[in-house]
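Colleague: Quick note, the sequences are listed as chains A and B, same order.
When you read off a place in the first sequence, starting at 1, and then add 6, the result is the number in the working numbering.
When you read off a place in the second sequence, starting at 1, and then add 6, the result is the number in the working numbering.
Take a look at this one; I'll ask things after.
Number of protein chains: 2
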Amino acid sequence: MSRKFEPDHTDRAILRLIQKDAALSLADIAKEVGLTPTPCWKRIRKMEQEGVITGRVVLLDPEKVGLGVSVFVAIETGDHSAAWIERFAATVAKLPEIVECWRLGGDVDYLLRVVVPDMAAFDTFYRRLTADVPSLRKVTSRFAMERVKSTTALPL
Amino acid sequence: MSRKFEPDHTDRAILRLIQKDAALSLADIAKEVGLTPTPCWKRIRKMEQEGVITGRVVLLDPEKVGLGVSVFVAIETGDHSAAWIERFAATVAKLPEIVECWRLGGDVDYLLRVVVPDMAAFDTFYRRLTADVPSLRKVTSRFAMERVKSTTALPL
DNA sequence: CTTTTAGTGGAAAAATCTTTTGCTTGCAAG
DNA sequence: CTTGCAAGCAAAAGATTTTTCCACTAAAAG
Chain A
7 MSRKFEPDHT DRAILRLIQK DAALSLADIA KEVGLTPTPC WKRIRKMEQE
57 GVITGRVVLL DPEKVGLGVS VFVAIETGDH SAAWIERFAA TVAKLPEIVE
107 CWRLGGDVDY LLRVVVPDMA AFDTFYRRLT ADVPSLRKVT SRFAMERVKS
157 TTALPL
Chain B
7 MSRKFEPDHT DRAILRLIQK DAALSLADIA KEVGLTPTPC WKRIRKMEQE
57 GVITGRVVLL DPEKVGLGVS VFVAIETGDH SAAWIERFAA TVAKLPEIVE
107 CWRLGGDVDY LLRVVVPDMA AFDTFYRRLT ADVPSLRKVT SRFAMERVKS
157 TTALPL
């Protein structure tokens, strides 16, 4: 499952470009990587089919849409059963404020990033989370003061 | 600076759609939100000009391109001077493995997410980071075992 | 040595999508 | 009233994407 794809130099050049700006026309991409639009398009289509490219999305300015508050929530659970994990995953999937959830190794079991309009909304979220998920041993919330860097572009 | 934009119901519907799939044609978006392509296009262009939409990007499967390891690095600094902060920010901007960097309130000063191919690469990164940045009081690295959820779509 | 086949690229045509233009309507300020 | 936006629609114009078909190369097969 999920066999690796071996992008060559040109594939990587294409990916580097469209990871930063997916609005580039094929003609522009082609010129940049030294090809014509057709082979460029074939490479991109192939990478989409192979699942290397998982999607094209629009990014928003959180402040501008009134969602300027990001909170990191570190969770330690007291229950590591499969049933608990499943339930937790379901809750995470259900709550749209949770934009990221990682299972970690070490002292912290899960790390979430939660996006809300303000502190009051976070409180509402927090109550819902702790009400929905049983056996939370320790929950630590840290508020983001500043987004120093944030990119969706992987270091290719 | 960065005045807020007040998207109406239709704007929000458009944003919800293209946050998930920016490859949708105007005709599809228009049909979905109950408009024709032209006003749809005008709304999108306006939101781009206003800075609500900050970009269009392609997302990749990290595993497929051999960047399956994400590490969260929590940093506590011993120096809170403006000079240190500036230097730290410069280093963060320079290192492409750092895909996210947040300044937090509370015990942890900064939280980074670092993307690398494997543990060895993380070690290389870690040495470079600690060599480049002075006055790090405490650095805690936590490895991601599983990406339970990860979306670029804000909860509109 | 050929011959074949798979892989990669290119030019041009076809199909589709984006962007512009011009017109219409509704509504509110004067 | 009527003037002046603001928002939407349809159709035309302009680009871009996608297809089709062909050429070239290198490596495997005969």
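Note that the Cβ used here is the ideal one computed from N, Cα and C, for glycine as well.
Give a yes or no on whether 8 Å exceeds the smallest Cβ distance from C107(A) to chain B.
Modeller: Within the first sequence, numbered from 1, the residue matching residue 107(A) stands at position 101. Closer than 8 Å: yes.
Colleague: Give the single residue among M151(B), V154(B), T157(B) and S76(B) whose Cα lies nearest to the Cα of V121(B).
Modeller: Position 115 of the second sequence holds residue 121(B). Of the listed residues, the one whose Cα sits closest to V121(B) is S76(B).
Colleague: Which word fits A88(B), buried or exposed, when buried means at least 16 other C-beta atoms lie within 10 angstroms of its C-beta?
Modeller: Position 82 of the second sequence holds residue 88(B). It counts as exposed.
Colleague: Can you name the residues that DSSP bridges to T157(A)?
Modeller: For the purposes of this step, residue 157(A) is taken as the residue at position 151 of the first sequence. Per DSSP, none; premise fails for T157(A).
Colleague: Can you give me the Cβ contacts of I59(A) inside the same chain, cut-off strictly under 6 Å, excluding the 5 residues immediately before and after it?
Modeller: The residue labelled residue 59(A) in the question sits at position 53 within the first sequence. Result list for I59(A): M53, in chain order.
Colleague: Give a yes or no on whether 8 Å exceeds the smallest Cβ distance from P13(B) to chain A.
Modeller: On the second sequence, residue 13(B) is found 7 positions in, with the first residue counted as 1. Chain A contact via Cβ: present.
Colleague: Buried or exposed: which applies to A159(B), given that a residue is buried once 16 or more other Cβ atoms fall within 10 Å of its Cβ?
Modeller: Working through the second sequence from its first residue, we reach residue 159(B) at position 153. That one is buried.
Colleague: Between L32(B) and the rest of its own chain, which residues show a CB-CB distance below 6 Å, the 5 nearest in sequence each way excluded?
Modeller: Working through the second sequence from its first residue, we reach residue 32(B) at position 26. Within the same chain, L32(B) has close Cβ partners P43, C46 and W47.
Colleague: Report yes if the C-beta distance between G57(A) and R148(B) is below 8 Å; otherwise report no.
Modeller: Taking the first residue of the first sequence as 1, we reach residue 57(A) at position 51. Taking the first residue of the second sequence as 1, we reach residue 148(B) at position 142. The answer is no: Cβ separation not under 8 Å.
Colleague: Helix, strand or coil for V39(A) per DSSP?
Modeller: By 1-based counting over the first sequence, the position of residue 39(A) is 33. In the three-state scheme derived from DSSP, where H, G and I count as helix and E and B as strand, V39(A) is classed as helix.
Colleague: So F78(B) is in the beta strand (DSSP E); what residue range does that whole segment cover?
Modeller: To locate residue 78(B), count along the second sequence from 1; it is residue 72. Run containing F78(B): V75 to T83, per the beta strand (DSSP E) assignment.
Colleague: Taking the straight line between their C-alpha atoms, what separation do you get for I81(A) and L117(A)?
Modeller: Along the first sequence, read from residue 1 onward, the residue named residue 81(A) stands at position 75. Along the first sequence, read from residue 1 onward, the residue named residue 117(A) stands at position 111. When the Cα atoms are used, I81(A) and L117(A) turn out to be separated by approximately 6 Å.
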